[in-house]
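Numbering (this note's numbering), first residue to last: 723 to 795.
Notes follow the structure.
This is the structure we're talking about:
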């Protein structure tokens, strides 16, 4: 099983508190402003939600489907 070497993190202001610790580990942190968007990340989130919705809709359990849809999105 392989592992990943993290070199860059693009995040919002929530990660700003630990950015110095990550910098000590040689990880570059790019903290975006509150009105700045990351189109790649937003598209990935949209894609994951679409796939999750389609998978949930193929399930034959109606009660689980209603509950899962609300908690998943």
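Glycine included, C-beta positions come from ideal geometry on N, C-alpha and C.
This structure is a prediction, so every number in the text was calculated from the model and none was measured.
Continuous alpha helix (DSSP H) stretch holding residue i: start and end
| i | result |
| --- | --- |
| residue 779 | 761 to 779 |
| residue 758 | Where residue 758 is concerned, there is no enclosing alpha helix (DSSP H), given that its DSSP letter is neither H nor E. |
| residue 738 | Counting along the chain, residue 738 falls outside any alpha helix (DSSP H), and DSSP gives it neither H nor E. |
Secondary structure of residue i, DSSP reduced to three states
| i | result |
| --- | --- |
| residue 731 | strand |
One or two residues paired with residue i in a DSSP bridge
| i | result |
| --- | --- |
| residue 750 | 730 |
Test: residue i CB closer than 9 angstroms to a CB of chain B
| i | result |
| --- | --- |
| residue 727 | Protein chain content of the structure displayed is limited to a single chain, and chain B is not contained in it. |
*Could you say if the region 729 to 737 and the region 747 to 756 meet the contact criterion of at least three C-beta pairs nearer than 8 angstroms?*
With the cut-off at 8 angstroms, the region 729 to 737 and the region 747 to 756 touch.
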